[in-house]
Structures are given as C-alpha cells and as structure tokens.
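Numbering (the numbering used here) for the sequence shown: 529 to 738.
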Amino acid sequence: MNKNVFIMDHPLIQHKLSILRDEKTGTKQFRELISEIAMLMCYDATRDLPLKNVSVKTPVDIANAKQLDGRKMAIVPILRAGLGMVDGITSLIPSCRIGHIGMYRDPVTHKPVDYYCKLPSDLEDRDVFLLDPMLATGGSAIDAVSRIKEFNPKRIKFMCIIAAPEGLKAFTEAHPDVPVYCAGLDDHLNEHCYIVPGLGDAGDRIFGTK
Ligand code: PRP
Ligand code: URA
C-alpha cells in the first residue's frame, strides 16, 4: 500500500460505513452518517497538527498546556456530494474557511466537467482538506487538486469515504504529494464507472434526488 494512503479502520467508522452502504438506509440517516464519518475521519487525519506550549491559569494553579500552533485550515467540498461532509468537519474545526468546487461526471465519458470554483483568497496561508465521499475513476479529485494547487496552499489532504483501486492509483500517480484518507477501499468499478460494491450515487442519496 502507498505510504500516502490511509485507510481509516477505526471500529466506529467501519460500523457507520456498513450502515451507509445499505440500500435500505434512507436520506435522513444517510446524511447523518456521512457527516459523522467525516467528523471521525477528520479527528484522525488532523493528528499531525503542530502544537505550542501555553500557560493556563486554572482555579487551582498554572497548568502547562498545549494549543494548536496557529495552523489555518480550509476545507473544499466537491459539489454536490462533498457538501455532506462539511458539517462533520466544521463541528471540530469551526473557524475553518470553506471553498467550493463544482464538478459533475459526464454520463457518457465519465470525465469530470467543472462548473464552479470559489476558493478562499488567502489559501497560501492554509492547509486544505479536499472533501468528496467517492473516489471512482479519480478524475474529479485529480482535477480539483490541480485547481487548488494553482492557489499555492501550504498542504493539501484529500478525504474520501469510499475509494476504488482504479481511482486511488490514478490519484496517487497524478498527485503523489497529496495524502489520501479513506474509510473503505472497494473492489473495482463497473461498466458505468460506479464503485462496486460502493454505496450507489452519493449525491442522490444525500440529497434525495434520482
Ligand atoms: C460523484 C462523486 C465524485 C465523482 C467521483 O459526483 O461525488 O465527485 O462522482 O467520480 P470520479 O472519481 O470518477 O470522478 P457526480 O459526478 O455524481 O456529481 P454530483 O455530486 O453532483 O452528483
Ligand atoms: N459517484 C458516486 O456517487 N458513486 C460511485 O460509485 C461513483 C461515482
């Protein structure tokens, strides 16, 4: 396994992922699970944030404590399905800035078509988390990272929930410098470039569309 790929096998994440995949799981619960899984993944994927020593006066004495060392963060969901992961992340990092990249896959070629991009103007001072629950062929995430790199952020990490081997290979070859965090690595893509077994169409299941 590529050392820049992290499969998040925490039991809580894996339990929630099993319910997320179930075709019987409805829109409300699906949305809640996407958010909860994103929060749990964020908790682990931020374990390398630098800390600084601070002194805090407690009611009893001075405590030598630690705080985040001024690291500024931005998250960038890929529309639409990446939006489902935003709440989970902002519950842990409420001050992060949020950019948006809009992309959809052409139904015939399966290549990404981009239709929107609005990113924080000070991205060069920030660490960026790119969010999308699905890494299928990899086309969308590869193009989104290329777009973000034009803004020279400090670091980029990509967080997805389910990845296909084909997409993971393409992504790590295109952007070997970008770590990938995912909850499940599946078997393969089908003839429609859907992840097998996957969870179906993430955007449709989050927003209740078809
Ligand atoms: C899905 C998903 C990713 C993309 C993954 O979006 O949310 O963005 O497909 O596929 P890829 O790795 O082959 O590029 P979709 O195109 O269905 O758009 P939507 O979120 O608007 O439904
Ligand atoms: N997009 C999805 O939402 N699901 C897949 O399986 C592939 C791409």
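The beta carbon of each residue, even a glycine, is placed where N, CA and C say it ideally should be.
(message) On the CB-based measure, 16 or more other CB atoms within 10 Å of its CB, does Asp655 come out buried or exposed?
(response) Against the sequence shown, residue 655 aligns to sequence position 127. Answer is buried; the Cβ neighbour count reaches 16.
(request) Might you give, ordered along the chain, the residues of its own chain that have their beta carbon closer than 8 Å to the beta carbon of Arg559, omitting 5 neighbours on each side? (result) Sequence index remark: in the sequence shown, residue 559 carries index 31 (1-based). Same-chain partners within the cutoff: Gly612, Ile734.
(request) Output the distance between the C-alpha atoms of Pro704 and Ile590, rounded to the nearest integer angstrom. (result) Taking the sequence shown and counting its residues from 1, one reaches residue 704 at position 176. Taking the sequence shown and counting its residues from 1, one reaches residue 590 at position 62. Straight-line Cα distance between these residues: approximately 45 Å.
(request) Note down, one range per segment and in chain order, each alpha helix (DSSP H) of at least 4 residues found wholly within the segment 661-695. (result) 667-677
(message) For the pair the segment 599-607 and the segment 646-661, tell me if three or more CB-CB distances fall below 8 Å.
(response) yes
(message) Following a CB-centred definition, is Gly726 positioned closer than 6 Å to any heavy atom of the ligand URA?
(response) The count along the sequence shown starts at 1 and reaches residue 726 at position 198. The answer is yes for Gly726.
(request) Could you tell me if the beta carbon of Tyr663 falls within a distance shorter than 6 Å of some heavy atom in the ligand PRP? (result) Position 135 of the sequence shown, counted from the start, is the residue given in the question as residue 663. Inspection of the sequence shows that residue 663 is occupied by Leu rather than by Tyr. Yes, since a heavy atom of the ligand PRP falls inside the 6 Å radius drawn around the Cβ of Leu663.
(message) Between Phe699, Asp714, His716, which has its C-alpha nearest Val708's C-alpha?
(response) One-based indexing of the sequence shown puts residue 708 at position 180. Of the listed residues, the one whose Cα sits closest to Val708 is Phe699.
(request) State the Cα-Cα distance for the pair Gln595 and Pro640, rounded to the nearest angstrom. (result) Sequence index remark: in the sequence shown, residue 595 carries index 67 (1-based). Sequence index remark: in the sequence shown, residue 640 carries index 112 (1-based). Rounded to whole angstroms, Gln595 to Pro640 spans 40 Å at the Cα level.
(request) Verify whether the separation of the beta carbon atoms of Ile723 and Ile689 is less than 7 Å. (result) The count along the sequence shown starts at 1 and reaches residue 723 at position 195. The count along the sequence shown starts at 1 and reaches residue 689 at position 161. Cβ atoms of Ile723 and Ile689: not closer than 7 Å.
(request) Alpha carbon to alpha carbon, how far is Lys531 from Ala702? Give it in angstroms, no decimals. (result) Translated into the one-based positions of the sequence shown, residue 702 becomes position 174. Translated into the one-based positions of the sequence shown, residue 531 becomes position 3. Roughly 15 Å between the two C-alpha positions.
(request) May I ask you to verify whether the segment 545-565 touches the segment 576-584, counting CB pairs closer than 8 Å and requiring at least 3? (result) no
(message) Mapping the DSSP letters down to three states, classify Asp572 as helix, strand or coil.
(response) Here the question's residue 572 lines up with position 44 in the sequence shown. Helix at Asp572.
(message) Given 6 Å as the limit, tell me if Asp642 has its C-beta closer than that to any heavy atom belonging to the ligand PRP.
(response) Residue mapping note: residue 642 aligns to position 114 of the sequence shown, counting from 1. No, Cβ of Asp642 sits at least 6 Å from all heavy atoms of the ligand PRP.
(request) Please say whether Cys710 and Ala664 have beta carbons closer to each other than 7 Å? (result) What you label residue 664 is simply residue 136 of the sequence shown in a count that begins at 1. What you label residue 710 is simply residue 182 of the sequence shown in a count that begins at 1. Result no, Cβ atoms of Ala664 and Cys710 do not sit closer than 7 Å.
(request) Grab me the residues of Asn648's own chain with a C-beta within less than 6 Å of its C-beta, minus the 5 sequence neighbours each way, in chain order. (result) For the purposes of this step, residue 648 is taken as residue 120 along the sequence shown, with counting starting at 1. The identity of residue 648 in the sequence shown is Pro, whereas the question assumes Asn. Result list for Pro648: Ala602, Arg625, Gly627, in chain order.
(request) Using the Cα positions of Leu545 and Val614, report the straight-line distance between them to the nearest angstrom. (result) In the sequence shown, the residue the question calls residue 545 occupies position 17. In the sequence shown, the residue the question calls residue 614 occupies position 86. Approximately 17 Å between the Cα atoms of the pair.
(message) Which runs of the beta strand (DSSP E) at least 3 residues long sit entirely within the segment 567-635? Give them in chain order.
(response) 579-585, 590-596, 600-607, 628-633
(message) Buried or exposed, going by whether 16 or more other CB atoms sit within 10 Å of the CB of Lys685?
(response) One-based indexing of the sequence shown puts residue 685 at position 157. It is buried - the Cβ of Lys685 has at least 16 other Cβ atoms within 10 Å.
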